[in-house]
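Participant: Chains as they are written, first to last, in our numbering: chain Y, 1 to 98; chain L, 1001 to 1150; chain G, 2001 to 2093.
For each residue, glycine too, the CB sits at the ideal point set by N, CA and C.
Sending over a structure as structure tokens; questions will come in a sec.
Listed below in structure tokens is the structure:
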């Protein structure tokens, strides 16, 4: 059925997107197209820093352009529930350099 | 649901566009096309650092310079109405089909659904079966996209 | 077309995909498409302490355009087959 790595299996699921500028945006995948442009609903950004825990910024409804997307991950709700984001420290991801 | 359908449905609504160079543009969508080129009215442009602003009556943005668009929450409910009212229409842009196909080679296997898989997916996406609890669920969208970072 | 076919033959194997942002993700190759977009299952980031950003992700889609390297299992490389396929490709077959 879902032969190629399309994103159809992730529609209506919570996903974690890493963008080329190093941001991490979590939201519900509502749609996508051939260019990997995606619709993210109820999205928020997770901001990583070494000084404090992960901050979450509410973003809302987003259309992210495919050429700005690095990774689309299926967020495992159980794993995520057990993550203590307030304790996570890390540098923000580096931007993609082509 | 296709990103470009959502964008089309956002016509007349306020939105925020961030470009790859970090500039953001706040304005009302006049029109857009299949390349994501967009035409905005009543625009406020903000520099990358958020320290300088320019107001302009309108602007036109080339699609491939866009990083993302932020649209008001309620626009997603509008798309559903529109796709319901013409659900017989095939989604544009998907279903590349055809092609030469290869006879042999190291990967001589049948392409497992690649090529037509997306066609089905697109149709499924248009159908519905979406679970967003109650149409009146979200409030506060009407003031639109006026956030900016930091 | 050659690499597309090649990667299709690697489906089911363990690979490590290094991205152009230095992130390296290891997992089972689930699928590839014509753009060399890659889907991995059972993923883990190679240096999780430095990159905890994907701790709750087990399956992911990687855009082909951001892949720097794909590290392959040695047994997934058949030199003879690749030589043949390369010649065929060069001939435009």
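Could you please tell me which residues of the region 62 to 77 of chain Y, in chain order, have their CB closer than 8 angstroms to any CB of chain L?
Facilitator: So the list reads 62, 63, 64, 65, 67 and 68, given in the order they occur along the chain.
Participant: Residue 2001/G CB to nearest chain Y CB: under 8 angstroms?
Facilitator: By this cut-off, residue 2001/G is not an interface position.
Participant: I want to check one thing, is the minimum distance from the CB of residue 1017/L to the heavy atoms of the ligand SAH below 7 angstroms?
Facilitator: Only the bare structure without any ligand can be found here, which leaves the ligand SAH out of the picture.
Participant: Find the residues of chain G that neighbour residue 16/Y, judging by a C-beta separation of less than 9 angstroms, and give them in chain order.
Facilitator: Within 9 angstroms Cβ-Cβ: 2053, 2054, 2056, 2057 and 2060.
Participant: In whole angstroms, what is the alpha-carbon distance linking residue 2041/G and residue 50/Y?
Facilitator: Spanning the two alpha carbons is a distance of roughly 29 angstroms.
Participant: Could you check if residue 1034/L is buried or exposed, using at least 16 other CB atoms within 10 Å of its CB as the buried criterion?
Facilitator: When all chains shown are included, residue 1034/L counts as exposed.
Participant: Could you compute how far the alpha carbon of residue 71/Y sits from the alpha carbon of residue 2052/G?
Facilitator: Their backbone Cα atoms lie some 14 angstroms apart in a straight line.
Participant: Taking 8 angstroms as the threshold (C-beta atoms), are residue 1070/L and residue 59/Y in contact?
Facilitator: Cβ atoms of residue 59/Y and residue 1070/L: closer than 8 angstroms.
Participant: When you compare only the Cα positions, how much space is there between residue 1078/L and residue 75/Y?
Facilitator: Cα to Cα, residue 1078/L sits roughly 27 angstroms from residue 75/Y.
Participant: Looking at the C-beta of residue 11/Y, does it have a partner C-beta in chain G at a distance below 8 angstroms?
Facilitator: Taking Cβ atoms only, chain G never reaches closer than 8 angstroms to residue 11/Y, which makes this a no.
Participant: Between the C-alpha atoms of residue 1211/L and residue 18/Y, what's the straight-line distance to the nearest angstrom?
Facilitator: Since the displayed chain L opens at 1001 and closes at 1150, residue 1211/L lies outside it and no answer follows.
Participant: Does the CB of residue 1/Y have a neighbour CB from chain G at under 8 angstroms?
Facilitator: At residue 1/Y the pLDDT is 40, less than 50, meaning the model places this residue with poor confidence; the figure from the coordinates comes in the next sentence. Not closer than 8 angstroms to any Cβ of chain G, the Cβ of residue 1/Y fails to qualify, so no.
Participant: Suppose you measure from the CA of residue 11/Y to the CA of residue 1044/L; what does that come to, to the nearest Å?
Facilitator: Each residue's Cα considered, the two are about 33 angstroms apart.
Participant: With DSSP as the reference, label residue 135/Y as helix, strand or coil.
Facilitator: In this structure chain Y extends from 1 to 98, so residue 135/Y is not present and cannot be described.
Participant: Name, please, each residue of chain Y whose Cβ falls closer than 9 angstroms to the Cβ of residue 2079/G.
Facilitator: Under the 9 angstroms cutoff, chain Y gives no residues; its nearest Cβ is about 27 angstroms from residue 2079/G.
Participant: Along the chain, where does the alpha helix (DSSP H) containing residue 1065/L start, and where does it finish?
Facilitator: From DSSP, residue 1065/L is part of no alpha helix (DSSP H); its letter is neither H nor E.
Participant: At a Cβ threshold of 8 angstroms, is residue 24/Y touching chain G?
Facilitator: Closer than 8 angstroms to some Cβ of chain G, the Cβ of residue 24/Y qualifies, so yes.
Participant: On a Cα-Cα basis, can you pick out the residue from 2069/G, 2029/G and 2049/G that is closest to residue 2009/G?
Facilitator: Among 2069/G, 2029/G and 2049/G, the Cα nearest to that of residue 2009/G is on 2029/G.
Participant: Please check the pair residue 66/Y and residue 35/Y, which I expect to be a contact at CB under 8 angstroms, by giving their CB distance rounded to whole angstroms.
Facilitator: Right, the Cβ-Cβ distance comes to about 4 angstroms (below 8 angstroms), so this counts as a contact.
Participant: Determine contact between the region 1049 to 1065 of chain L and the region 1019 to 1038 of chain L, defined as no fewer than three beta-carbon pairs at a distance below 8 angstroms.
Facilitator: Yes, since at least three Cβ pairs between the region 1049 to 1065 of chain L and the region 1019 to 1038 of chain L fall closer than 8 angstroms, the two stretches touch.
Participant: Quick check on this structure: which residue in 73/Y, 62/Y, 61/Y and 53/Y has the alpha carbon closest to the alpha carbon of residue 2062/G?
Facilitator: That would be 73/Y, whose Cα lies nearest to the Cα of residue 2062/G.
Participant: Closer than 8 angstroms by C-beta to residue 1112/L: which residues in its own chain qualify, once you throw out the five before and the five after it? Chain order, please.
Facilitator: Because the pLDDT at residue 1112/L is just 39, under 50, the model does not fix this residue reliably, and the point stays unresolved.
Participant: Using only the alpha-carbon positions, how far apart do residue 2047/G and residue 2091/G sit?
Facilitator: Cα to Cα, residue 2047/G sits roughly 42 angstroms from residue 2091/G.
Participant: Taking only beta-carbon positions, decide if residue 2015/G is within less than 8 angstroms of chain Y.
Facilitator: Chain Y, which has no Cβ nearer than 8 angstroms to the Cβ of residue 2015/G, makes this no.
Participant: When burial is assigned at 16 or more other CB atoms within 10 Å of the CB, is residue 2075/G buried or exposed?
Facilitator: With fewer than 16 Cβ atoms within 10 Å of its Cβ, residue 2075/G is classed as exposed.
Participant: Could you tell me the distance, in whole angstroms, from the CA atom of residue 1956/G to the CA atom of residue 1022/L?
Facilitator: The structure shown does not extend to residue 1956/G, since chain G is modelled only from 2001 through 2093, so no value can be given for it.
Participant: Report the CB separation of residue 22/Y from residue 93/Y in whole angstroms; it is logged as a contact under 8 angstroms.
Facilitator: That belief holds up - the Cβ atoms of residue 22/Y and residue 93/Y are roughly 4 angstroms apart, short of 8 angstroms.
Participant: Measure the beta-carbon distance from residue 2043/G to residue 2027/G and round it to whole angstroms, keeping in mind my assumption that it falls under 8 angstroms.
Facilitator: At roughly 4 angstroms, the Cβ-Cβ gap stays under 8 angstroms, so residue 2043/G and residue 2027/G are in contact.
Participant: Beta-carbon within less than 8 angstroms of residue 2070/G's beta-carbon, same chain only, minus the 5 sequence neighbours each way: which residues are those?
Facilitator: For residue 2070/G, where only same-chain residues beyond five positions count, the Cβ hits under 8 angstroms are 2007, 2015, 2016, 2017, 2018 and 2038.
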